[in-house]
Amino acid sequence: MGEKGQARIRAARVAIVGCGALGTVQAETMARAGVGRLRLIDRDFVEWSNLQRQFLYDEADASEGLPKAVAAGRRLARVNSEVAVEPMVADLTAASAADLFEDIDLILDGTDNFETRFLINDAAVEANIPWIYGAAVGSYGIKLAIVPGQTACLRCVYPEPPQGAQPTCETEGVLAPVTATIAALQAADALKILALGTEAIVARLTTIDVWSGAIRQLAPPPRDPACPCCVRREFAYLDGSRRAPISLCGRNAVQIHERSRPVDLPALAQRLSTIAAVRSNEFALRVDLDPYELTVFPDGRAIIKGTQDVGVARSLYARYIGA
Ligand SMILES: [Zn+2]
Numbered sequence: 017m018g019e020k021g022q023a024r025i026r027a028a029r030v031a032i033v034g035c036g037a038l039g040t041v042q043a044e045t046m047a048r049a050g051v052g053r054l055r056l057i058d059r060d061f062v063e064w065s066n067l068q069r070q071f072l073y074d075e076a077d078a079s080e081g082l083p084k085a086v087a088a089g090r091r092l093a094r095v096n097s098e099v100a101v102e103p104m105v106a107d108l109t110a111a112s113a114a115d116l117f118e119d120i121d122l123i124l125d126g127t128d129n130f131e132t133r134f135l136i137n138d139a140a141v142e143a144n145i146p147w148i149y150g151a152a153v154g155s156y157g158i159k160l161a162i163v164p165g166q167t168a169c170l171r172c173v174y175p176e177p178p179q180g181a182q183p184t185c186e187t188e189g190v191l192a193p194v195t196a197t198i199a200a201l202q203a204a205d206a207l208k209i210l211a212l213g214t215e216a217i218v219a220r221l222t223t224i225d226v227w228s229g230a231i232r233q234l235a236p237p238p239r240d241p242a243c244p245c246c247v248r249r250e251f252a253y254l255d256g257s258r259r260a261p262i263s264l265c266g267r268n269a270v271q272i273h274e275r276s277r278p279v280d281l282p283a284l285a286q287r288l289s290t291i292a293a294v295r296s297n298e299f300a301l302r303v304d305l306d307p308y309e310l311t312v313f314p315d316g317r318a319i320i321k322g323t324q325d326v327g328v329a330r331s332l333y334a335r336y337i338g339a
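Put into structure tokens, the structure is as follows:
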């Protein structure tokens, strides 16, 4: 890529959506490559079960229950202090996408669900930002570079999110070697685009099974001449007519979005500590309400573990945090 390519990488601004198994490998690779500005977007916190595959985190992060974006940001600052890292403890939604992707040159997909990927696709096509789709479950993974106006977009390939029950990391598990491999391939596409431009990309669909060893390179998928997103420019996910789900990655948890309803965490911790075990820091508060666990963020958002029933989650939220 030469000095010119290196300089372009140093001037680039990259957003990583999701700092899990894919996102942490992407983020470390981008930081070590010297990407100028790295925006880390993640709504979740580090848990013990993440440590098997999420490379930037350690036991101390899980003990503290740090938000992933914050823990990743701290680690990356030690990896390469010249990179401007912007940790965003935030949920990518139709409402927040424009702000979170402002001034961004390229987006790396580190998410774990199709609804969020369709939202990324809408936002990326609308703003003409290349993005690299990647996904993994079990021992299998897939990768595709998407350059708006040049290659197929995600909706050219998948007109609708897959219907019915899908294998998830919860039901199938996921092997660290496959997430690391897919993330590394995504990072390679990203560096190529940043250093040489989008014309350098051949958008082949790559699939890998690290257990059987099967690796396939499919021809670049064709653009759909009737694609609602990249041809008709109808951004159903971005305009909010298609809402992102509030259930997380099949993990037996529900997220409640409250519209900018700031919560005083220390006051809430004091109130709840009389009835349950509470752990809190400046980023989040966690209360154990066996069989449920509530994690509340300062902006009023909450993740309720132990149920997939939206009604139960809303009721717990109303009961312990306020209607
Ligand atoms: Zn399309």
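In the numbering used here, the protein residues as written are 17 to 339.
Think of the CB as a built atom: it goes at the ideal place given N, C-alpha and C, for glycine as much as any other residue.
Over the uninterrupted beta strand (DSSP E) stretch that includes residue i, give me the two end residues.
| i | result |
| --- | --- |
| S296 | A293 to S296 |
| M104 | A100 to V105 |
| Q22 | Premise fails: Q22 lies in the alpha helix (DSSP H), G18 to R26, not in any beta strand (DSSP E). |
| Q233 | I231 to L234 |
| T195 | No beta strand (DSSP E) holds T195; the alpha helix (DSSP H) holding it covers A192 to L212. |
Skipping 5 residues on each side, what residues in its chain have a beta carbon closer than 6 Å to that of residue i?
| i | result |
| --- | --- |
| P261 | Residue confidence for P261 is low, a pLDDT of 47 falling below 50, so the modelled location carries little weight; the figure read from the coordinates is stated next. Once the five neighbours on either side are set aside, the close Cβ partners of P261 are E131. |
| D121 | A28 and R29 |
Terminal residues of the continuous alpha helix (DSSP H) containing residue i?
| i | result |
| --- | --- |
| V141 | F130 to A143 |
| D77 | E75 to E80 |
| E44 | A37 to A49 |
| D115 | A113 to L116 |
| Y336 | V326 to Y336 |
| G89 | K84 to V95 |
| R55 | Looking at the DSSP string, R55 is not in any alpha helix (DSSP H); the run it does join, the beta strand (DSSP E), is R53 to D58. |
| R171 | L170 to V173 |
Please return the same chain residues whose Cβ sits closer than 8 Å to the Cβ of residue i, not counting the five positions on each side in sequence.
| i | result |
| --- | --- |
| P238 | A168 and C172 |
Less than 7 Å between C-beta atoms, sequence neighbours within five positions excluded: which residues of the same chain meet that for residue i?
| i | result |
| --- | --- |
| C245 | N137, D138, V141, C169, R171 and F251 |
| Q166 | T214 |
| R61 | Reading off the sequence shown, one finds Phe at residue 61, where the question assumed Arg. Excluding residues within five positions, the ones whose Cβ falls inside 7 Å are G81, L82, P83, K84, A300 and T311. |
| S228 | none |
| G322 | N268, P307, Y308 and E309 |
Taking the Cβ atom as the reference point for each residue, do residue i and residue j lie within a distance shorter than 8 Å?
| i | j | result |
| --- | --- | --- |
| C243 | G126 | no |
| M17 | A161 | no |
| L6 | V30 | This structure gives no information on residue 6, because the portion of the chain shown stretches from 17 to 339. |
| D58 | A76 | no |
| I158 | L221 | yes |
| V312 | I337 | yes |
| G52 | A100 | yes |
| A203 | T40 | no |
| R69 | A192 | yes |
| I198 | L38 | yes |
From the DSSP output, read off the bridge partner residues of residue i.
| i | result |
| --- | --- |
| K321 | A269 and E309 |
| R7 | Since the first residue shown for the chain is 17 and the last is 339, residue 7 is missing from the structure and cannot be characterised. |
If we cut at 8 Å on Cβ distances, does residue i have a partner in chain B?
| i | result |
| --- | --- |
| M104 | The displayed structure is made up of one protein chain only, and chain B is not part of it. |
* Asked: Using the beta carbon as the reference atom, which residues fall closer than 5 Å to any heavy atom of ligand 1, ordered along the chain?
  -> Qualifying residues come out as C169, R171, C172, C243, C245 and C246.
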